[in-house]
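Novice: Each number in the working numbering corresponds to the 1-based position in the sequence shown with 1 added.
For each residue, glycine too, the CB sits at the ideal point set by N, CA and C.
Fair warning: this is a prediction, and the values are worked out from it, not measured in the lab.
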Amino acid sequence: MSQSSFSRRRFLEAGTFATVAASLQHRLEAADQATGLKGRINHSACKWCYPKVPLDELCRAGKEMGLTSIDLVDPADFPALKAHGLTSAMISFPSIKGPGDVKVGSIEHAFNNPEYHDLLVQIYEPHIKASAEFGAKHVICFSGNRRGMDEETGLKNCAEGLKKVLPIAEKHGITLVMELLNSKVNHKDYMCDKSAWGVELCKRTGSDNFKLLYDIYHMQIMEGDVIATIKRDNKYFAHYHTGGVPGRHEIDETQELYYPAIMKAIVDTGYKGHVAQEFIPARPDALGSLRQAVGICDV
């Protein structure tokens, strides 16, 4: 056999191998798509991030891409979620007009002000009951803004206020979940802006029905060390939210966090709850961005 014939045969064999390998890779990818999500992360998305998408459409599209929940809905939204076989991993907050016409129960006006405690009991009781009847397990709450209040006083006031509502939550099997928010960019003066402060509040309430919402976007801005914090304090975290840093947009290569590693850290803690996408889509195809984010987080 000539050298040239040998070379041609080697070339053809290599080409055949490459073709077979490419075909196998295609079949494996198709199998992965047919299998769907891995099932180690329960996926949700926050309703407020899609103001131009009707709730029914968000539910339908979300379910098709693997969501089992829509976050931050109100009781009026429960029928729509039920119609699509979805739950809500985190119910939104109730509110009422308070002294000075402020919105009591909101991010700015909540548990760190004793003047609001009775009103908070008044609005959370029916809200918790309705959430439990729907089958939800978590209802969000907030610390309120500092307004010159020191950290210790804020902890004391929040603990006292929460202890008035927690018996109601315990009765209905609901966990009140205070969100950790950044006070640097989005929520100036918010008190519960550090994970250590929130963890201390959990310890002071002394109830398994009070935990934290660890918002990855917010805590990356305030303190970083996201994976280390999740590993250390996960027993105090009932829920997780995502968001790209900086800008709170898509969680892909356009931002500084590597979400697959963060999701793996969450899974490794034994967490069985939901992770909710809470980024504001910057691209025209908002639902396409949501689908992409679910794929990124499905580790």
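Taking all protein chains shown into account, do 16 or more other C-beta atoms lie within 10 angstroms of the C-beta of Gly149, making it buried, or fewer, making it exposed?
Specialist: exposed
Novice: Do Val178 and His240 have their C-beta atoms closer together than 9 Å?
Specialist: yes
Novice: By the DSSP assignment, the beta strand (DSSP E) with Ser96 in it spans what residues?
Specialist: No beta strand (DSSP E) contains Ser96, which DSSP labels as neither H nor E.
Novice: Look at the alpha carbon of His275 and the alpha carbon of Ser184, and state the distance between them as a whole number of angstroms.
Specialist: 25 Å
Novice: Which value, in whole angstroms, describes the spacing of the CA atoms of Pro100 and Met264?
Specialist: Inter-residue distance for Pro100 and Met264 is about 42 Å (C-alpha atoms, whole angstroms).
Novice: Return yes when the Cβ of Lys39 is within less than 9 Å of the Cβ of Asp299, no when it is not.
Specialist: yes
Novice: Taking only the alpha-carbon atoms, compute the straight-line gap between Thr88 and Gly136 and give it to the nearest angstrom.
Specialist: 8 Å
Novice: Report yes if the C-beta distance between Tyr237 and Cys203 is below 9 Å; otherwise report no.
Specialist: yes
Novice: Could you give the DSSP three-state label for Arg284: helix, strand or coil?
Specialist: Shown here, Arg284 sits in coil according to DSSP, grouped into three states, outside any helix or strand.
Novice: Exposed or buried, Gly155, counting other C-beta atoms within 10 Å across all chains shown (16 or more means buried)?
Specialist: buried
Novice: Are Ile297 and Ile252 touching if we call contact CB-CB under 9 Å?
Specialist: yes
Novice: Is the region 71 to 87 touching the region 98 to 112, taking contact as three or more C-beta pairs under 8 Å?
Specialist: no
Novice: If the criterion is Cβ atoms closer than 9 Å, does the pair Val200 and Asp234 meet it?
Specialist: yes
Novice: Out of Pro95, Lys64, Thr69, Met66, which one is the CA nearest neighbour of Ala77?
Specialist: Pro95
Novice: For a minimum of 4 consecutive residues, which ranges assigned as the alpha helix (DSSP H) are wholly contained in the region 189 to 271?
Specialist: Counting only runs of 4+ residues, the alpha helix (DSSP H) found wholly inside the region 189 to 271 occupies 196 to 206, 217 to 223, 227 to 234, 260 to 269, in chain order.
Novice: Quick check: what's the CA-CA separation for Ala84 versus Lys157?
Specialist: When rounded, the distance between both Cα atoms is 42 Å.
Novice: Taking the alpha carbon of Ser93 as the point to measure from, which residue in Leu120, Glu65, Ala46, Asn113 has its own alpha carbon closest?
Specialist: Ala46
Novice: Please determine, among Asn146, Arg147, Asp151, Ile124, the residue with the shortest C-alpha to C-alpha distance to Val140.
Specialist: Ile124
Novice: In the DSSP assignment, the alpha helix (DSSP H) including Thr154 goes from what residue to what residue?
Specialist: 152 to 173
Novice: Relative to the alpha-carbon of Leu82, which residue among Lys138, Val103, Leu59, Met66 has its alpha-carbon at the smallest distance?
Specialist: Leu59
Novice: Leaving out the 5 sequence neighbours to the left and right, which residues in its chain are closer than 8 Å to Thr270 when beta-carbon positions are compared?
Specialist: Ile231, Lys232, Asn235
Novice: Just to confirm before moving on: does the CB-CB distance between His128 and Glu161 stay below 9 Å?
Specialist: no
Novice: Looking at Lys53 and Ala197, is the spacing between their C-beta atoms short of 9 Å?
Specialist: no
Novice: Do Glu116 and Cys142 have their C-beta atoms within less than 9 Å of each other?
Specialist: no
Novice: Under DSSP, the beta strand (DSSP E) around Ser45 begins and ends at which residues?
Specialist: Counted as a single uninterrupted DSSP element, the beta strand (DSSP E) harbouring Ser45 occupies residues 43 to 47.
Novice: Among residues of its own chain, excluding the 5 on either side of Asn113, which ones have a beta-carbon nearer than 7 Å to its beta-carbon?
Specialist: Ser144, Gly145, Met150, Gly155, Asn158, Cys159, Met192
Novice: Here's a check: name, in chain order, each residue in its chain whose Cβ is nearer than 7 Å to the Cβ of Lys165, leaving out the five neighbours to either side.
Specialist: Closer than 7 Å at Cβ, skipping near neighbours: His118, Val122.
Novice: Could you check what DSSP says for Ser89 in three-state terms: helix, strand or coil?
Specialist: It is coil, neither helix nor strand.
Novice: Within a Cβ cutoff of 7 Å, which residues of the same chain sit near Tyr272, ignoring the five residues on either side of it in sequence?
Specialist: Asn235
Novice: Label Pro282 either buried or exposed according to how many other C-beta atoms from any shown protein chain fall within 10 Å of its C-beta, with 16 as the threshold for buried.
Specialist: buried
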